[in-house]
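Chains as they are written, first to last, in the working numbering: chain A, 306 to 499; chain B, 306 to 499.
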């Protein structure tokens with residue numbers, strides 16, 4: 306099982322955000338949608354061993370978590386608009402402190418980075434980190450924390466400061482592209498490719 | 306310079322396709338938009354040394370090429386809807402047999418795979434191909450031909466049969482994700498990373 310947690314610093318927590326304006330009124334929900342697609346889609350199917358959690362920190366109720374669990378997702382298409390419609394569906398149900406099901410493979414609850422960070426052994430990406438290609442299968446993290454298009458805030462940096470850090474290459478890429486690289490690395494290790 | 310050529314087997318060649326239905330009436334224009342984003346976007350900028358050509362084969366006038374040239378693109382955002390609006394803009398101008406400029410870094414012409422394939426030394430992706438990680442910088446192809454969500458047709462296969470073949474890993478991934486992996490490989494070679 307591989308897990309991703311992505312912070313959407315401006316991502317709307319109002320289910321009424323318009324599907325026609327994911328970058329603006331959605332608060333970069335386009336990027337969040339692509340992150341989910343990168344985590345879950347193979348060419349002809351869903352990665353059933355992968356979970357993608359999104360921490361939405363936009364208005365009006367920052368601190369909402371949406372979970373996409375590949376083991377049970379149904380009918381998801383990879384286009385931004387379709388994925389964002391799942392997020393809207395999850396935002397539309399009331400959320401408490403524990404996960405509530407909004408559909409097959411789709412869950413939501415309230416929470417903070419401080420809550421989430423203790424639940425798994427997260428690693429983060431950092432240019433100065435260990436090159437992920439040098440990591441053996443048994444040392445490969447199974448949970449990765451990423452930020453959206455913004456850097457971690459000062460508060461977030463204090464939470465993630467001591468987490469293991471990995472680098473993906475010489476170019477700094479979008480979060481959705483970073484996830485593609487991480488999963489390729491894990492796929493290769495598990496299948497005995499170099 | 307790295308070039309990608311992606312075949313959009315059903316991608317609309319009518320500039321009036323709706324931005325609200327890229328997968329359906331756009332003929333999987335969502336996927337085409339993501340392929341362009343993968344080819345051109347870094348975290349904070351555009352890959353100025355990369356070109357992404359799309360061969361649109363959907364109705365009503367199959368055989369239209371749209372070129373996104375990173376060296377001159379302006380104001381492109383990575384969301385599907387924005388990129389698709391550039392494709393609409395390029396489709397809206399009349400096209401002949403040579404490239405015509407539709408905007409900064411945006412060009413269009415008519416053409417077939419047979420025309421395009423002779424213009425660069427293309428490589429293709431194939432599970433049975435050489436693992437791209439084993440390829441030295443000097444042997445790395447600088448032009449890649451990919452298909453959308455469909456396999457190459459029989460006619461296309463006859464055109465690409467003798468091209469060099471490379472594999473990216475044990476999992477077959479979407480074309481946009483494949484491009485992320487190829488560019489990471491090239492970035493690493495050029496920067497002396499393993």
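Don't be surprised by glycine CBs; every beta carbon is placed ideally from N, CA and C.
Close Cβ partners of residue i (< 8 Å) along its chain, the five nearest in sequence each way excluded
i                      : result
residue 451 of chain B : 309, 310, 311, 312, 340, 429, 430, 480, 483, 484
residue 401 of chain A : 414, 415
residue 419 of chain B : 464
Contacts around residue i, its chain only, beta-carbon distance under 6 Å, and the 5 residues preceding and following it disregarded
i                      : result
residue 351 of chain A : 345, 375, 378
residue 315 of chain B : 332, 333, 363
residue 432 of chain B : 472
residue 383 of chain B : 342, 346
Residue i, enclosing beta strand (DSSP E) - first and last residue
i                      : result
residue 371 of chain A : 369 to 374
residue 481 of chain B : No beta strand (DSSP E) holds residue 481 of chain B; the alpha helix (DSSP H) holding it covers 480 to 496.
residue 408 of chain B : 405 to 408
residue 430 of chain A : 428 to 436
residue 472 of chain A : 470 to 472
7 Å Cβ shell around residue i - same chain, five flanking residues per side excluded
i                      : result
residue 425 of chain A : 308, 448
residue 441 of chain A : none
residue 457 of chain B : 465
residue 385 of chain B : 327, 335, 338, 339
Rounded separation between residue i and residue j - CA only
i                      : j                      : result
residue 325 of chain A : residue 391 of chain A : 15 Å
residue 437 of chain A : residue 336 of chain A : 23 Å
residue 389 of chain A : residue 327 of chain A : 8 Å
residue 358 of chain B : residue 470 of chain A : 36 Å
residue 254 of chain B : residue 368 of chain B : Because residue 254 of chain B is not part of the residues shown, which for chain B are 306 to 499, the question remains open.
residue 408 of chain A : residue 353 of chain A : 16 Å
residue 322 of chain A : residue 395 of chain A : 13 Å
residue 474 of chain B : residue 380 of chain A : 26 Å
residue 319 of chain A : residue 406 of chain A : 18 Å
residue 453 of chain A : residue 338 of chain A : 11 Å
residue 462 of chain A : residue 398 of chain A : 31 Å
residue 427 of chain B : residue 460 of chain B : 17 Å
residue 349 of chain A : residue 478 of chain B : 8 Å
residue 306 of chain B : residue 347 of chain B : 15 Å
residue 417 of chain A : residue 446 of chain A : 21 Å
residue 403 of chain B : residue 370 of chain B : 10 Å
residue 366 of chain A : residue 410 of chain B : 40 Å
Which listed residue (the options) has its alpha carbon closest to that of residue i
i                      : options                    : result
residue 412 of chain B : B:422, B:477, B:473, B:356 : B:356
residue 476 of chain A : B:476, B:477, B:384, B:489 : B:489
residue 421 of chain A : A:478, A:496, A:372, A:331 : A:372
residue 439 of chain B : B:458, B:499, B:410, B:405 : B:499
residue 508 of chain A : B:418, B:495, B:486        : Residue 508 of chain A lies beyond the stretch modelled for chain A, which goes from 306 to 499, so this question has no answer here.
residue 393 of chain A : A:317, A:403, A:445, A:404 : A:317
residue 329 of chain B : A:434, A:493, A:330, A:387 : A:387
residue 495 of chain A : A:443, A:423, A:434        : A:443
residue 468 of chain A : A:361, A:434, A:365, A:366 : A:434
Boundaries (first-last residue) of the alpha helix (DSSP H) holding residue i
i                      : result
residue 420 of chain B : 418 to 422
residue 312 of chain A : Counting along the chain, residue 312 of chain A falls outside any alpha helix (DSSP H), though it belongs to the beta strand (DSSP E) covering 307 to 313.
residue 320 of chain B : Here residue 320 of chain B belongs to no alpha helix (DSSP H), and DSSP marks it neither H nor E.
residue 396 of chain A : 385 to 396
Proximity test, residue i beta-carbon vs the ligand MN heavy atom, cut-off 7 Å
i                      : result
residue 486 of chain A : The ligand MN is not part of the structure shown, which contains no ligands of any sort.
In the segment 439 to 466 of chain A, which residue ranges form an unbroken beta strand (DSSP E) of at least 3 residues, counting only runs that do not cross its ends? 448 to 452
Using a Cβ cut-off of 9 Å, which residues of the segment 367 to 397 of chain B contact any Cβ in chain E, in chain order? Of the protein chains in this structure, namely A and B, none is chain E.
If we require 4 or more residues per run, which alpha helix (DSSP H) segments fall completely within the segment 334 to 364 of chain B? 334 to 345
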